[in-house]
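S.K.: Take my numbering: the last position of the sequence shown gets the number 452, and nothing is skipped along the way.
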Amino acid sequence: MTIRTRFAPSPTGMLHVGNIRTALHCWLWARKTGGAFWLRIDDTDAARSEERFVEGIRADLNWLGLVPDGEERQSARFALYEARFQQLRDAGRIYPAYETGQELDLKRKIAAGRGLPPIYDRAALALSDADRAALEADGVRPHWRFKLDHAAPIVWDDLIRGPQKLDPATMSDPVIRRADGSWLYMLPSAIDDMEMGITHVVRGEDHVSNTALQLQMFAAMGAAPPAFAHEALLVGTEGKLSKRLGSLGVAHFREIGIEPTAVRALLARIGTSLPVEPLAESAALIESFDFSVFGRAPARFDEAELAGLNAKIVHQLDFDTVVARLPGGMGAVEWDAVRPNLATVADAAEWWGVIEGPIAATRDSADSDFLAAAARAAATIPWDGDPWHALTAALKAETGRSGKTLFLPLRRALTGRDHGPDMKTLLPLIGQDRAISRLSS
Ligand code: GLU
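#1: Got a sec: does the ligand GLU put a non-hydrogen atom nearer than 7 Å to the Cβ of residue 71?
#2: Examine the ligand GLU and report whether any of its heavy atoms sits within less than 7 Å of the Cβ of residue 220.
#3: Please identify the residue among 446, 19, 70 and 346 whose C-alpha is closest to the C-alpha of residue 265.
#4: Does the region 269 to 288 come within contact of the region 70 to 81, defined as at least 3 CB pairs closer than 8 Å?
#5: Does the contact criterion of 3 or more C-beta pairs under 8 Å hold for the region 380 to 390 versus the region 334 to 341?
#6: By the DSSP assignment, the alpha helix (DSSP H) with residue 271 in it spans what residues?
#7: Where residue 441 and residue 292 are concerned, what is the direct C-alpha to C-alpha distance, given to the nearest angstrom?
#8: How about the region 283 to 292 and the region 232 to 244: do they share at least three Cβ pairs that are nearer than 8 Å?
#9: Check whether the Cβ atoms of residue 472 and residue 106 sit closer than 8 Å, and answer yes or no.
#10: Expressed to the nearest angstrom, what Euclidean distance is found between the alpha-carbon atoms of residue 64 and residue 48?
#11: If we ignore side chains and look at the alpha-carbon of each, how far apart do residue 153 and residue 190 end up?
#12: Do you know whose CA, among 86, 338 and 188, lies nearest residue 359's CA?
#13: For residue 39 and residue 29, I'd like the C-alpha separation in whole angstroms.
#14: Please list, in chain order, all residues of the same chain as residue 171 whose beta carbon is under 7 Å from its beta carbon, the five residues on each side excluded.
#15: Between residue 338 and the ligand GLU, is there a pair consisting of the residue's CB and a ligand heavy atom that are separated by less than 7 Å?
#16: For the ligand GLU, is there any heavy atom lying closer than 7 Å to the beta carbon of residue 19?
#17: On the three-state DSSP scale, how would you describe residue 381?
#18: Could you tell me which residues DSSP puts in a beta bridge with residue 186?
#19: Buried or exposed: which applies to residue 97, given that a residue is buried once 16 or more other Cβ atoms fall within 10 Å of its Cβ?
#20: Out of 214, 341 and 385, which has the shortest C-alpha to C-alpha gap to residue 368?
#21: What span of residues does the beta strand (DSSP E) with residue 168 cover, start to end?
#22: For residue 50, does the three-state DSSP call read helix, strand or coil?
#23: Please list the segments of the beta strand (DSSP E) lying wholly inside the region 185 to 229, counting only runs of 3 or more residues, in order along the chain.
#24: On the DSSP letters alone, give me the boundaries of the beta strand (DSSP E) that residue 174 sits inside.
#25: Using beta-carbon positions only, say whether residue 199 and residue 85 come within less than 8 Å of one another.
#26: First and last residue of the beta strand (DSSP E) that includes residue 241?
#27: Please indicate yes or no: does the CB of residue 28 lie closer than 7 Å to some heavy atom of the ligand GLU?
#28: Under 7 Å: does the beta carbon of residue 106 sit that close to some heavy atom of the ligand GLU?
#29: What is the DSSP secondary structure of residue 373, reduced to helix, strand or coil?
#30: Within the continuous beta strand (DSSP E) that includes residue 107, where are the two ends?
#31: Along the chain, where does the beta strand (DSSP E) containing residue 82 start, and where does it finish?
#32: Would you call the region 210 to 219 and the region 181 to 196 touching, i.e. three or more CB-CB distances under 8 Å?
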């Protein structure tokens, strides 16, 4: 069996970190098993779907390195849904219903008043041909429901949640098609999963009850169902489903300098028993991926953890990987010198500015004699070996200063900052001329 997963976003907005995580897991499973990862654009809702979001989703996946092996879109598959719809209708598994939204609301309220769950009462099934004809003669167009089979519980062995069992009698027959002929999510998704040969459906646990309904649809269509893995949802650091997570996506990550590999390394591991590690290479993430490592508790997404992981990944990136994003002129030596200090690749520009100048140096007037001595020493020490060592040794001998009083005024005058890369690597890059001029100005 060739494994095939699909990521099925609705193009009604940009991907957020929760969807990205699902896409990543679909991709990881496909890569691990030598299978295929498909993108399915769930655009049956013409009113809410927008082409810019379709393009945005593709671009985001591309940036994340989760490039699909193929793509389908539901709006191109209506003929298929129509054919299956007719079959299921002929088989008595789909029936027309005529209640208005208001009538359904009222039924729910009455049920609630009696302490009953809000399950559709199947009144439409009791209509006679004459009743239906009368309604249609009045211009009432039906919407369509899938008739659940109440005979046996719906069971499956979820790859994350374990054995699942739901009683179909506790669920309403789902509306699958609106009166205007448009499709709701439920049936097209099951048809596509079947027709596309999807072997593993990975999605959030908010879809568990949909899975129960769709399992009956697969059975009604005579298809073996895919395996299901329902992931515990993602929560923010505050511990609840935060609004912020819904707006965090690739645009934000790019803006703040997060590497796609950092997003992958974090989202592959949170909510699992495996440690979050700064794995820049996908091979290790792919190899360790398995549904059995996922927990049932919500996965906690922490922006600070992502930033920390990002820094660790940036420290590993070699020059060739980042050169296109560095300021012109910055070479491998400079990159290697500054990268242990970077939180993002873009921060390299700041240190390139420090190397090249001009810098806004900060100096304390109490240090002016000391810095004048430093400028004189810089003109005489050898620059080909370790000028930082030579400079500080000479100044220590001359002024008796040591520790912070020796190093900090030099760092400030030479870089304009209190902290930064090791001066031993930075000073040769600043070079003798610039050093002398910064120490003496
Ligand atoms: N378009 C659906 C969603 O975004 C897909 C769910 C699924 O994976 O089946 O919720």
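Note that beta-carbon positions come from the ideal geometry of N, C-alpha and C, so glycine has one too.
M.R.: So, from the listed chains and residues:
#1: no
#2: no
#3: 70
#4: yes
#5: no
#6: 271 to 280
#7: 33 Å
#8: no
#9: Only positions 12 to 452 of the chain appear in this structure, which leaves residue 472 out of reach.
#10: 20 Å
#11: 5 Å
#12: 338
#13: 15 Å
#14: 240, 241, 242, 302 and 305
#15: no
#16: yes
#17: helix
#18: 156
#19: exposed
#20: 341
#21: 165 to 169
#22: strand
#23: 186 to 188 and 211 to 215
#24: 173 to 177
#25: yes
#26: 238 to 242
#27: no
#28: no
#29: coil
#30: 105 to 108
#31: 81 to 84
#32: no
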